[in-house]
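See structure below.
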Amino acid sequence: AYVKYARAGGFFMLTSAFVSQGVGRASEVLSAFWLAYWAKESIEAQIEISNGADPSEFRSTTWFLNIYACFGMLGVLCLTVRAIIMAVHRLHASRNLHKGLVTSILRAPVSFFDVTPTGRVLNRFAADMDKIDLDLTQSIGQGMSTIFSVLGALGAIVAATKGTFIVPLIPLGYIYWIIQKWFRKTSTELQRVTSIAGSPIFADFSQVLTGTSTVRAYGEKERFFNQCQKSFDNFNASYNLVYMCNYWLGLRLDFLGGLIGAFIGAVSVATARYEFIPAGWLGLALSYSIEVTGFLKHGVRMMATIEADMNSVERVLYYTENVEPEAPDIIPEKDPKAGTWPSKGVIEFNDSSMRYRDG
216 AYVKYARAGG FFMLTSAFVS QGVGRASEVL SAFWLAYWAK ESIEAQIEIS NGADPSEFRS
276 TTWFLNIYAC FGMLGVLCLT VRAIIMAVHR LHASRNLHKG LVTSILRAPV SFFDVTPTGR
336 VLNRFAADMD KIDLDLTQSI GQGMSTIFSV LGALGAIVAA TKGTFIVPLI PLGYIYWIIQ
396 KWFRKTSTEL QRVTSIAGSP IFADFSQVLT GTSTVRAYGE KERFFNQCQK SFDNFNASYN
456 LVYMCNYWLG LRLDFLGGLI GAFIGAVSVA TARYEFIPAG WLGLALSYSI EVTGFLKHGV
516 RMMATIEADM NSVERVLYYT ENVEPEAPDI IPEKDPKAGT WPSKGVIEFN DSSMRYRDG
């Protein structure tokens with residue numbers, strides 16, 4: 216489903232979005248380090264000037280400010296380009312998927328509609344296409360942003376601690392991988408159950424709307440009302456489980472974030488007399504350690520959300536690719552020449568037979 220969705224919107228567009236997002240995040244991290252370097256140079260310059268040094272020997276504030284502004288503008292430009300690219304990709308992907316779905320359903324034989332509830336077909340065009348049009352692209356955009364935010368934050372912490380953070384990063388990464396693996400499997404299945412639980416709601420509403428007069432004539436209003444209420448209860452129960460799963464994840468990732476901050480604090484205190492980590496870099500590492508917890512938490516949720524939203528793409532593609540179509544409207548080798556058929560206003564059936572359909 217991932218490859219087919221990317222192909223529907225264009226591989227080049229999606230790759231361009233990843234590149235622009237990466238460049239934008241890199242410029243943000245570099246601007247933070249540049250600010251720390253600027254503060255360090257400013258303090259050293261003030262000390263030297265107070266000792267009688269010539270102010271013209273030091274770089275002006277405008278020089279630092281211009282470079283800082285360049286990093287900021289580059290980040291804004293890259294994020295703007297990424298947003299435009301993602302919007303174009305979403306438009307192309309949604310249009311192609313919807314076109315394939317419409318073509319498949321309109322070409323489906325009558326037997327397909329005999330065994331397929333109307334609500335199930337409506338759910339593909341309503342809920343699933345709505346999720347593809349709106350939610351999926353937002354989830355992919357946020358997931359992409361979160362991935363690069365996590366990479367940027369971890370890279371900044373490693374650089375600020377001069378590589379010492381690599382030591383706890385390996386076991387923490389392994390623990391994080393196990394946690395997100397458990398969460399994604401559970402969350403994806405819960406989202407799938409939630410999607411399935413939505414189909415009876417559409418089916419019940421469609422049936423009641425079509426047969427309102429029949430329901431009233433036989434006095435079955437209470438039975439259909441209870442059936443609709445039961446469908447909503449099942450949907451709400453599965454939806455609540457999704458939120459409980461998110462709270463389970465948040466508790467464990469907050470603990471991991473605390474371990475990261477504790478390690479940075481321990482290294483800075485242990486190496487304080489050696490000035491191993493500059494003050495500006497220590498501030499950056501601590502600030503990014505606080506941010507990375509939120510990034511990790513949001514990242515796992517976004518990966519699970521993307522997997523769950525891709526379920527809508529799978530459901531649409533299932534109808535697009537697996538519904539056996541009717542015979543083509545025109546078969547060139549069997550199409551009679553113009554003016555030769557029909558020659559008379561009579562139709563005769565010869566050697567015809569009927570049987571039950573397959574399945």
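The number in our numbering is simply the position in the sequence shown, starting from 1, with 215 added.
Note that the Cβ used here is the ideal one computed from N, Cα and C, for glycine as well.
Check                                                                                                                             : Outcome
Cβ pair residue 376, residue 492 closer than 9 Å                                                                                  : yes
Cβ neighbours of residue 584 in the same chain (closer than 6 Å, five flanking residues each side left out)                       : A question about residue 584 goes unanswered here, because the residues of the chain that appear run from 216 up to 574.
Counted within 10 angstroms of its Cβ, other Cβ atoms place residue 324 as buried (16 or more) or exposed                         : exposed
Own chain, CB closer than 6 Å to residue 300, minus 5 neighbours either side, in chain order                                      : 228, 231, 232
Check: residue 430 C-beta below 8 Å from any heavy atom of the ligand MN                                                          : By its list of ligands, the structure shown contains no ligand whatsoever, and the ligand MN lies outside what it can speak to.
Rounded straight-line distance, which links the Cα of residue 340 to that of residue 439                                          : 24 Å
Endpoints, the alpha helix (DSSP H) within which residue 569 is located                                                           : No alpha helix (DSSP H) contains residue 569, which DSSP labels as neither H nor E.
Residue 488 - DSSP class collapsed to helix/strand/coil                                                                           : coil
With 16 other Cβ atoms within 10 Å as the buried cut-off, status of residue 261                                                   : exposed
Whether residue 387 touches residue 474 by CB criterion (9 Å)                                                                     : yes
Residue 555, buried or exposed, once every other Cβ within 10 Å from all chains shown has been counted against 16                 : exposed
DSSP-derived helix/strand/coil call for residue 377                                                                               : coil
Chain-order list of residues whose beta-carbon lies under 8 Å from that of residue 413 (same chain, five-residue window excluded) : 338, 342, 450
Bounding residues of the alpha helix (DSSP H) (the contiguous stretch that carries residue 555)                                   : Premise fails: residue 555 is in no alpha helix (DSSP H) and is neither H nor E.
Three-pair Cβ contact test at 8 Å for the region 316-334 versus the region 247-258                                                : no
Any 3 or more C-beta pairs closer than 8 Å across the region 465-484 and the region 425-434                                       : no
Extent of the continuous alpha helix (DSSP H) to which residue 294 belongs                                                        : 276-321
Cβ distance (whole Å) where residue 249 is taken to contact residue 286 below 8 Å                                                 : 6 Å
For residue 435, three-class secondary structure by DSSP                                                                          : coil
Whether residue 356 touches residue 298 by CB criterion (9 Å)                                                                     : yes
Residue 225, DSSP secondary structure in three states                                                                             : coil
Residue 409, DSSP secondary structure in three states                                                                             : helix
Buried versus exposed call for residue 478 [16 or more other C-beta atoms within 10 Å across all chains shown]                    : buried
Residue 331, DSSP secondary structure in three states                                                                             : coil
With 16 other Cβ atoms within 10 Å as the buried cut-off, status of residue 389                                                   : exposed
Inter-stretch contact at 8 Å, needing at least 3 Cβ pairs: the region 399-413 / the region 525-545                                : yes
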